[in-house]
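Participant:
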Amino acid sequence: MTRPPYPATRLRRTRATPALRNLVRETEVSVNDLIWPLFVRQGEGIEEPVASMPGVVRRSVDKIVAAAREAADLGIPAICIFPYTEQADRTEDCAEAWSPDNLSNRAIRAIRDAGIEVAIMTDIALDPYNINGHDGYVRDGEILNDETVAALVRMGLAQAEAGADILGPSDMMDGRIGALRAALEAEGHTKVTIMSYAAKYASAFYGPFRDAVGASGALTGDKKTYQIDPGNRAEGLACAARDLSEGADMVMVKPGLPYLDMVRAVKDRFDVPTFAYQVSGEYAMIEAAAAHGWIDGDKVMLETLQSFRRAGCDGVLTYFAPRLARAINA
Ligand code: PBG
Numbered sequence: 053m054t055r056p057p058y059p060a061t062r063l064r065r066t067r068a069t070p071a072l073r074n075l076v077r078e079t080e081v082s083v084n085d086l087i088w089p090l091f092v093r094q095g096e097g098i099e100e101p102v103a104s105m106p107g108v109v110r111r112s113v114d115k116i117v118a119a120a121r122e123a124a125d126l127g128i129p130a131i132c133i134f135p136y137t138e139q140a141d142r143t144e145d146c147a148e149a150w151s152p153d154n155l156s157n158r159a160i161r162a163i164r165d166a167g168i169e170v171a172i173m174t175d176i177a178l179d180p181y182n183i184n185g186h187d188g189y190v191r192d193g194e195i196l197n198d199e200t201v202a203a204l205v206r207m208g209l210a211q212a213e214a215g216a217d218i219l220g221p222s223d224m225m226d227g228r229i230g231a232l233r234a235a236l237e238a239e240g241h242t243k244v245t246i247m248s249y250a251a252k253y254a255s256a257f258y259g260p261f262r263d264a265v266g267a268s269g270a271l272t273g274d275k276k277t278y279q280i281d282p283g284n285r286a287e288g289l290a291c292a293a294r295d296l297s298e299g300a301d302m303v304m305v306k307p308g309l310p311y312l313d314m315v316r317a318v319k320d321r322f323d324v325p326t327f328a329y330q331v332s333g334e335y336a337m338i339e340a341a342a343a344h345g346w347i348d349g350d351k352v353m354l355e356t357l358q359s360f361r362r363a364g365c366d367g368v369l370t371y372f373a374p375r376l377a378r379a380i381n382a
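For the sequence shown, the numbering used here begins at 53 and goes up steadily by one.
1) Beta-carbon separation of Arg93 and Ala166 under 9 angstroms?
2) Confirm, please, whether the CB-CB distance from Ser359 to Leu296 is below 9 angstroms.
3) Whole angstroms is fine: what's the gap from Gly367's alpha carbon to Ala162's?
4) Along the alpha helix (DSSP H) that carries Phe327, what are the first and last residues, could you check?
5) Give the single residue among Glu144, Thr356 and Gly364 whose Cα lies nearest to the Cα of Tyr371.
6) If we ignore side chains and look at the alpha-carbon of each, how far apart do Ala264 and Ala71 end up?
7) Within its chain, find whatever has a CB closer than 6 angstroms to the CB of Tyr136; leave out the 5 residues flanking it on each side and keep chain order.
8) Taking 9 angstroms as the threshold (C-beta atoms), are Ile338 and Val83 in contact?
9) CA-CA distance, Val315 and Ala214?
10) Can you give me the C-alpha to C-alpha distance between Met302 and Asp323, rounded to a whole angstrom?
11) On the three-state DSSP scale, how would you describe Leu178?
12) If you measure from the CB of Phe327, is any heavy atom of the ligand PBG nearer than 8 angstroms?
13) Is the Cβ-Cβ distance between Gly208 and Leu196 less than 9 angstroms?
14) Using a threshold of 8 angstroms, is the CB atom of Arg110 nearer than that to any non-hydrogen atom of the ligand PBG?
15) Looking at Thr200 and Asp187, is the spacing between their C-beta atoms short of 9 angstroms?
16) Just checking Val305 against the ligand PBG - is the residue's beta carbon closer than 8 angstroms to any of the ligand's heavy atoms?
17) State the CB to CB distance for the pair Val331 and Phe261, rounded to an integer number of angstroms; the pair is presumed to be in contact (CB under 8 angstroms).
18) How would you call Pro152, buried or exposed, if buried means at least 16 neighbouring beta carbons within 10 angstroms?
19) Tyr371 by DSSP, collapsed to three states: which one?
20) Going straight from the alpha carbon of Ala203 to that of Ala377, what length do you get?
21) Distance, Cα to Cα, Gly97 vs Ile168?
22) Would you kindly work out how many angstroms separate the C-alpha atoms of Leu236 and Tyr249, rounded to a whole number?
23) State the Cα-Cα distance for the pair Gly193 and Thr277, rounded to the nearest angstrom.
24) Out of curiosity, what's the CA-to-CA distance linking Ile131 and Arg55?
25) Between Thr79 and chain C, is any beta-carbon pair separated by less than 9 angstroms?
26) If you measure from the CB of Tyr181, is any heavy atom of the ligand PBG nearer than 8 angstroms?
27) With distances taken between CB atoms, is the gap from Glu334 to Arg233 smaller than 9 angstroms?
28) How close, in whole Å, do the beta carbons of Ala231 and Tyr181 come, if the pair is a contact with beta carbons under 8 angstroms?
Structure (structure tokens):
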């Protein structure tokens, strides 16, 4: 058979017009895919810029309530709360972590009391309350696993008590999901969901976040004995399998863009609600380049969300959430 006098496949045909492109688009981005991380701090009426994350602020509780209302108005289904703690809240026993009146729990209650319909996610790890900035207890330079898990369970229960919908253990200790799930069941919190930071890597992309929560100065050493080595894929899958078997409802891959292969692998293998965290360093890089006029920030922001969806994400934690929502709703 002779070759036809035209390209055998003209894949450009379906790209020819906006209508055809819309018709064949495989993944859609939606405001429903967004979780907006928020930083809460002491005080009232405060919105304090985070230097390494242009456009991101630390909010006092009243302003967190306003942000939760903004999220609901924009159609963003969930927010995630992180505390910026004062030096006095950082101790060796991390007791503030499970105080019913700590910053996070006060913010959760205030949002619930305001009757705002938005899902509230939390972070479970000791780092905002730990004198040395680590996610777990440290003894003689070693991170203690089981003692830390017991503290994390108390922390998670206090968050559930305050009214959180999604608990997000980000600490990477072994056995924390099972222990937390058992405690939630025992205390009657049967409807509280767990999104485990399952494939969480020991990443340099968290730098600006540690600045935002005031942990950069505090951290001694690194987190490599509990967060995953960036070279490892099977280990990330093993963590997701383990967390799901212990009772996680949803799993997360973190960071986001540099780890989209893990998103796809987790989604394909487990077929469960899968999320990624577009972390602080990813946000900062895009913002920095956009500020120089080197990239079109809005277009890049939307393209990253589309990439997360294409890789298999059901949703994304991103500091761009309100801007994305406005761009999508426009
Ligand atoms: C705390 C925690 C971190 C992030 C979320 N929860 C920092 C860390 O593990 O050191 C990072 C989020 C971001 O960089 O945006 N365990």
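The beta carbon of each residue, even a glycine, is placed where N, CA and C say it ideally should be.
Facilitator: In brief:
1) Contact: no.
2) Going by C-beta atoms, Leu296 is not nearer than 9 angstroms to Ser359.
3) Straight-line Cα distance between these residues: approximately 25 angstroms.
4) Careful: Phe327 lies outside any alpha helix (DSSP H), inside the beta strand (DSSP E) at Thr326 to Gln330.
5) Taking Tyr371 as reference, the option from Glu144, Thr356 and Gly364 with the minimal CA-CA separation is Thr356.
6) Approximately 43 angstroms, taken between the alpha carbons.
7) Around Tyr136: Phe91, Arg93, Arg110, Val265 and Gly266.
8) Between Val83 and Ile338, the C-beta spacing is not below 9 angstroms.
9) Their backbone Cα atoms lie some 31 angstroms apart in a straight line.
10) Cα to Cα, the separation comes out at about 10 angstroms.
11) Coil, per DSSP.
12) The answer is no for Phe327.
13) The Cβ-Cβ distance between Gly208 and Leu196 does not fall below 9 angstroms.
14) No, the Cβ of Arg110 stays beyond 8 angstroms of every heavy atom of the ligand PBG.
15) In contact: Asp187 and Thr200 (Cβ atoms closer than 9 angstroms).
16) No, since every heavy atom of the ligand PBG falls outside the 8 angstroms radius drawn around the Cβ of Val305.
17) That belief holds up - the Cβ atoms of Val331 and Phe261 are roughly 7 angstroms apart, short of 8 angstroms.
18) Answer is exposed; the Cβ neighbour count stays below 16.
19) Here Tyr371 sits in coil by DSSP.
20) CA-to-CA, the gap between Ala203 and Ala377 works out to about 36 angstroms.
21) C-alpha separation (whole angstroms): 19 angstroms.
22) Rounded to whole angstroms, the gap between the alpha carbons of Leu236 and Tyr249 is 18 angstroms.
23) The alpha-carbon atoms of Gly193 and Thr277 are separated by roughly 11 angstroms.
24) Cα to Cα, the separation comes out at about 57 angstroms.
25) Here chain C cannot be found, since the structure has a single protein chain.
26) No; taking the cut-off as 8 angstroms, the Cβ of Tyr181 has no heavy atom of the ligand PBG nearer than that.
27) No; because the gap between Cβ atoms is not below 9 angstroms, this pair is not in contact.
28) Contact doesn't hold; Cβ gap of about 19 angstroms is too wide.
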